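Take the sequence shown: its letter number 71 is residue 71 in the UniProt record's numbering, and every next letter is one higher. Think of the CB as a built atom: it goes at the ideal place given N, C-alpha and C, for glycine as much as any other residue. No experiment lies behind these values; they were computed from the predicted model shown. As structure tokens, the structure follows; a few thoughts come after it.
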Amino acid sequence: MSLFIHWRMMITLALTTGLRRGELVALEWKHINLEAGTIEVKQSISSSVNGSAIIQNLKQINQKERLVSLIQSVIN
């Protein structure tokens with residue numbers, strides 16, 4: 001995937017889904033269901049005290065996992 005398309009998709013998802021920055025960066029293909037038009041938000045990325053990235057399961061940080069709908073133009 002070219003860098004332009006990658007950033008375009010990230011910005012489009014941010015604007016159309018309301019995902020938080022850490023949730024958006026932590027997305028994996030296994031969380032995206034194009035047939036159903038949904039994204040399962042299960043994890044987030046945050047930084048540790050020393051600045052390294054940490055992927056956290058939302059349940060571990062007392063946040064609810066959620067199912068977010070995609071608009072048709074994003075699916076196409």
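Give me, in chain order, the residues of the same chain whose beta-carbon lies closer than 6 Å to that of residue i; leave out the 5 immediate sequence neighbours on both sides.
i   : result
A26 : Q43, S44, I45, I55
Identify which residue in the options has its Cα closest to the Cα of residue i.
i   : options      : result
S73 : L15, E28, F4 : L15
Among the residues of its own chain, which have a CB less than 7 Å from the CB of residue i, if the five just before and after it don't count?
i   : result
N37 : Looking at the sequence shown, residue 37 is not Asn but Gly. Closer than 7 Å at the Cβ level, and outside the excluded window around G37, lie S69, L70, I75.
T12 : V74
Might you give, ordered along the chain, the residues of its own chain that have their beta carbon closer than 8 Å to the beta carbon of residue i, omitting 5 neighbours on each side?
i   : result
K59 : E65
S47 : A53, I54
S2  : none
Provide the residue(s) that pair with residue i in DSSP beta bridges, ordered along the chain.
i   : result
I46 : Reading off the sequence, residue 46 comes out as Ser, not Ile. Per DSSP, I54.
N33 : T38
L67 : E40
Please confirm whether residue i and residue j have their CB atoms less than 8 Å apart.
i   : j   : result
L67 : E40 : yes
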